[in-house]
Structures are given as structure tokens and as C-alpha cells.
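A.B. asks:
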Amino acid sequence: MPLLGSHKRKDFPIFARRQGAPFVYLDSGATSLKPKRVLDAMNEYHESYSANVSRGVYEMAEQATNAYEDARATTSHFIGGKPEEVVFVRNATEAMNLLVTSFGGLILREGDGVLLSEMEHHANLIPWQQLSKQKKCILHFLPFNIESGELEWDEEMFSSFLKERKIKIISLIHSSNVLGTINPIKEIAERAHDAGVYMIVDAAQSITHMPIDVKDIGADFLVFSGHKLFGPTGIGVLWGRYELLDRMQPYQSGGEMIQDVNLKTSTFADPPHRFEAGTPHIAGAIGLGEATRYMQDIGMSAIRAHEKELLAYAWEKLSHIKGIHLFGPNDIEKRSGVISFVINGIHPHDVGSFVAQDGIMIRVGDHCAKPLHKKLGITASSRVSVSIYNDHDDIDALFLSLEKMVKAFGL
Amino acid sequence: MNMYREDIIERSRFPRFKREMKASDLQGEVLNELCGDELTLYFSFDEKKERVADLTFSGQGCALMTAAADMLCEHLGKKTKQDLAAFSADDMMRLYGDIPSPSRLKCVLLAYEALKRAVAGL
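Top line first, the protein sequences correspond to chains A and B. The C-terminal position of the first sequence is numbered 411 in this note's numbering, with every residue numbered one higher than the one before it. The C-terminal position of the second sequence is numbered 533 in this note's numbering, with every residue numbered one higher than the one before it.
#1: Going along the region 460-487 of chain B in order, which residues come within less than 9 Å of chain A, judged by CB to CB distance?
#2: Taking the C-alpha atoms as reference points, what is the distance between L131(A) and F103(A)?
#3: For the region 425-454 of chain B, which residues have a CB atom closer than 8 Å to at least one CB atom of chain A, in sequence order?
#4: Please classify T279(A) as buried or exposed, where buried requires at least 16 neighbouring CB atoms within 10 angstroms.
#5: Buried or exposed for H281(A), please, with buried defined as at least 16 other CB atoms from any protein chain shown within 10 angstroms of its CB.
#6: Give me, in chain order, the residues of the same chain whose beta-carbon lies closer than 7 Å to that of H227(A); leave out the 5 immediate sequence neighbours on both sides.
#7: Check distances from the C-beta atoms of the region 353-371 of chain A to those of chain B and list, in chain order, the residues that come in under 9 Å.
#8: For M119(A) versus A380(A), is the C-beta distance shorter than 8 Å?
#9: Is M295(A) helix, strand or coil when you go by DSSP?
#10: With contact counted as at least three CB pairs below 8 Å, one residue from each stretch, are the region 466-475 of chain B and the region 343-360 of chain A in contact?
#11: Cα separation between S382(A) and L26(A)?
#12: Cutting at 8 Å between CB atoms, please list the residues of its own chain near M503(B), excluding the five before and the five after it.
#13: Strictly under 8 Å for the Cβ-Cβ distance: is H122(A) near chain B by that measure?
#14: Please list the segments of the alpha helix (DSSP H) lying wholly inside the region 425-490 of chain B, counting only runs of 4 or more residues, in order along the chain.
#15: Just to confirm, are G447(B) and D366(A) a CB contact at a threshold of 8 Å?
#16: Between H273(A) and the rest of its own chain, which residues show a CB-CB distance below 7 Å, the 5 nearest in sequence each way excluded?
#17: At which residue ranges does the region 42-91 of chain A contain complete beta strand (DSSP E) runs of 3 or more residues, listed in the order of the chain?
#18: Could you spell out where the alpha helix (DSSP H) holding K407(A) opens and where it closes?
#19: Consider the Cβ of M414(B): report whether some Cβ of chain A lies at a distance smaller than 8 Å.
#20: Starting from the N-terminal side, write out each stretch of the beta strand (DSSP E) that is 3 residues or longer and does not extend beyond the region 214-275 of chain A.
#21: Against chain B, with Cβ distances strictly below 8 Å, would H227(A) count as a contact?
#22: Is it true that the CB of Q205(A) sits closer than 8 Å to the CB of G81(A)?
#23: Using 8 Å as the limit for Cβ to Cβ distance, is A30(A) near chain B?
#24: If you count every other CB in all the chains shown that lies within 10 Å of the CB of S512(B), and 16 or more means buried, which is it?
#25: Looking at S401(A): is its Cβ nearer than 8 Å to the Cβ of D358(A)?
#26: Would R546(B) count as contacting chain A if we go by Cβ distances under 8 Å?
#27: Between F275(A) and L98(A), how many whole angstroms is the CB-CB distance? I'm expecting something under 8 Å.
#28: Can you round the beta-carbon distance between I360(A) and A397(A) to whole angstroms, since I take them to be within the 8 Å contact cut?
#29: Using CA atoms only, rank isn't needed, just tell me which of V351(A), P211(A), T74(A) and P271(A) is closest to M414(B).
#30: Would you decide whether N145(A) is buried or exposed? Buried here means 16 or more other CB atoms lie within 10 Å of its CB.
#31: Would the beta-carbon of P211(A) fall within 8 Å of that of R293(A)?
#32: Please go through the region 333-395 of chain A and give each complete alpha helix (DSSP H) segment of 4 or more residues, from N-terminal end onward.
#33: Pop quiz: L322(A) and V406(A) are said to be a contact at Cβ under 8 Å. What is the actual Cβ separation, rounded to whole angstroms?
#34: Roughly how many angstroms separate the alpha carbons of F409(A) and K460(B), rounded to a whole number?
#35: Tell me whether the region 156-168 of chain A and the region 185-196 of chain A touch, counting them as touching only if at least three CB pairs, one residue from each stretch, are closer than 8 Å.
#36: So what does DSSP say about D154(A), is it helix, strand or coil?
Okay, structure coming up:
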């Protein structure tokens, strides 16, 4: 069992920074900190072989191309896919926009249905709203239970539900970025496939917290951002089954994505390059590849075990704060990554600013999930995220700061 | 600097001017995009319609927004329309005292934004 928590902080240069006060970072759900290995891999590209990819015939260019394609292979291995099924994009949001436009545009006809849930991040909601206006298709939403934080779906009736609503695509968040709920993707995907419905998985939050195998969970597509799993910003992944990617039209066009070009017509490259117009974020892809290697060296099951223990500790500890309400499932098997809460009588932004004065970083706001917050009857919440470098001392520091705040506010 | 001075917390918990005015002469409404909170200022003027007779606010918000709105209502409560128009963001910050981090400055200035909108309707 690898040593995680405070032992892992030595891998992250930011914990040894000379400027600024010591800090407690509990906002990895927004973005993770970066290990030295990832920074070194990116620096090495810039310092030693920073040529463009897929075009030069000199050695440095070949080295860059190899590193870029190697990052694709490493990343695909990380999620149990094939290299040619991994498209590098900017982030999960761009991956979702690509999918909605190119795959949604291919599959959906007027009157067809798309099934989402009430707990989606805006990235898996607004692109569908845009497409549904254009295509005149209908959005449906699986509700979630306010108390348990779990999706409410009737397994027995699901097939007939999909048929009646003419659902062609289901697109769901794997693990809620607010409630922490791990959704039963595998079970839903099984029913979906029986009914000939495609399954898109938004793994932006879950990817850093648990082992994910795209074939095992039954995804047709899966998207995530690199920066939430110790990679840099500006790089993300769209994974898709090859035969589906191969049927899709390009999302953007220009250099790098073509097969042949004439003045009036062009033919396009095969996936994944068909969807990577222009010079890609080469250093970013290399950094992401190294980040997935870093995580595999630790082991995703070990990461999950560490975070489960820490989340259970945090849940228990935080529940002692006066006036607090914790959202989502308290069964740790059904939760990953985050705990969101409100405290009666104190605005979430005051919670965030107050603990920030003690050097503690948490997220406050609607977390890009306004419909979810509206259903909970609130406009904002505070969110604690845990990661491999967090430990009991971080939770204790937060607990003490919250206790101090509740006292200062006279509650 | 402590963003949560005792007087700020005190005012946010027990604001003196937080009440909706049913028959106001003038209103100013504003939304804080940071958090989605809304704030409304209500003005009633004296018989000559020159001077503020009553100034109140409503809206659910953070401690900074509530305390700042309450201070503004107290400060401008009996002033003339000209004074209202002349009141600046700098005046608001001086009135408030310590200025919080840039991300929360908007909360302190929300009541001032509502004032500006109201004054535009004069």
C-alpha cells in the first residue's frame, strides 16, 4: 500500500513554494496541483525537442511526434481504450461540444430524445440545449433524490421509458461535482445498449478518483479534462469507440486533419486526427500522458482507498459543525471526491473567504451546476475536495476554522 | 486584515435598514454575478421631493453585501438627491473601511451599484 496524503506532498513543488503563506488545498475538484514529474516532462519538451508534430522530417520533429503519440497511447491505456480512440481537445467542455455537434448532429432527428440528469455540470447541459433548438429534439432529465443525492431511475421500466421518449443518446455525469454521487453508469449503459441507445459519460470529476475502464462501464464516449488529474490546463480527452468516431464529421477544420486538399474540396484524415485541427497542445498532451503514468504508478485503487477514508473522516468531522447541512450520499461507497455543504445563517461566499483567511482553499458558488442548486433550494454551496496529497491535518484545519467562524458569527 | 471585523458581522446579522418598502418613490435593483444574489434599494423622498426621507434595502446576500448596504442606507438616509448622485465608489469604500480581496470587492460595492441604477432613474 503506497503512502498517500502528507507523504505525497513532496512530489508537488507548490507545497515548498517560498512566496506566500502555508496553505491547505481542498479545491482539487476545481483543479489539481501539479507534480514535478509532469512539469519536468513538459519542460523537457520545450527545452530539448520543441518541434511541431506530424510534419517535420528531421529528428527533433520525429521525437516530438513520438512523444505526442506516446502520450495518446499512455492516456488510452489509462482508461482501457485504444490509442486511435483518444482525441486530444482543450478540456471536457470542448470534448462535449465536439460530441454534441458531430455525434448529436449525426444521430438525432426532429422529435428524438436525449436523456441527461438534473445533476449535470453546465458543460453537459448547455451544448445539448443549443443542439435541441437547432434539431428540434427533446431533452429529458433523470431526477435525483434531494435527501440521498442519488439518481432516481426505474431499472425495470427503463427500456420502455427510453422507447416511449424516443431517446437516442444518454449523456450523464459519472460522479457529481457537487453531490459527490457516483452514478450507476454501468447499469444504465447496459439498459441503454439493449435499447440501441448511445451512452456518453462525463468523467471530468471521477477520472482522478477511481479506476475507470471504458469497456467495463459500457461507455460509447467518455470525456475528461487533464488539469483535474495532475496534468496541465488546456488539454483534455474525448474517448470514443472507433467505429463511432469514424462516422462523425470534423468539428473544426484546417491543418493537420486532412487527407487531401483541392481548391474546392477536401477529404479528411481518419480519427483521431480528423478531430485535431491545427497545431495541438503538444506539451499539454505530454504532461497529461505523464500525469496518467504518475497515477498508475500510485495505483487508482490505492487512490480510491485513501480518498474514501479521508472523505469518511471529513463527513464525520464536518457533521459536528453547528447548523451545517451536508449534501449527497453519506454511504462512502456511493461518493467520490467532494463534500458540499451549507451552514445556516452564513453565506457560502463568507464561508469561503473566512477559511481563506486561515489559508484554507475551498470552492464556493454554484459549481457550474445551477439547476442542481435550484432543486436543493439554494443559490450556492461550499465544497471541499480531497486528493492524493490531502490528509487528516487538512480536514482538521478546516474544521477548526469553521468552528471559529460559527463562533465569530454568533451562531 | 480581517475581512470579518466585528462590526461587519454585527451589521450583517442585525441590519437596521433591511426592510422592503411597499410604496417607494424610487428603486434600484442589481444582481451579483459572482453568487447570483440580488439587492434592491428603496427610496422615499420628503414633501418637496428633494431630500431622502427613508432609505432601505432588501435581498439575501453575504455578510459583506448586507453590512455595506446597511451602511449606505444609514449614510445617505437624509441626504439630498444631489448628494445621492455625487456619491462615488470611493465614498462607498471609505465608508466601509477595510477593502476585502478583489474577488469580494463586488459584494461591498453592490449597494453602490444599486444606487447608481436608481439615480439614473431620477
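Virtual Cβ for every residue (Gly too), placed ideally from N, Cα, C.
C.D. replies: Quick look at the numbers:
#1: Q471, G472, C473, A474, L475, M476 and T477
#2: 11 Å
#3: L445, C446, G447 and D448
#4: exposed
#5: buried
#6: T31, S32 and T233
#7: S353, F354, A356, Q357, V364, G365, D366 and K370
#8: no
#9: helix
#10: yes
#11: 11 Å
#12: A479, L483, V519, L520, A522 and Y523
#13: no
#14: 474-487
#15: yes
#16: E256 and M257
#17: 86-89
#18: H392 to A408
#19: yes
#20: 221-225, 236-240, 258-261 and 266-268
#21: no
#22: no
#23: no
#24: exposed
#25: yes
#26: Only positions 412 to 533 of chain B appear in this structure, which leaves residue 546(B) out of reach.
#27: 6 Å
#28: 6 Å
#29: V351(A)
#30: exposed
#31: no
#32: 348-356 and 370-376
#33: Rather than Leu, the amino acid found at residue 322(A) in this sequence is Lys. Yes, they are in contact, since the Cβ atoms of K322(A) and V406(A) sit about 5 Å apart, within 8 Å.
#34: 40 Å
#35: yes
#36: coil
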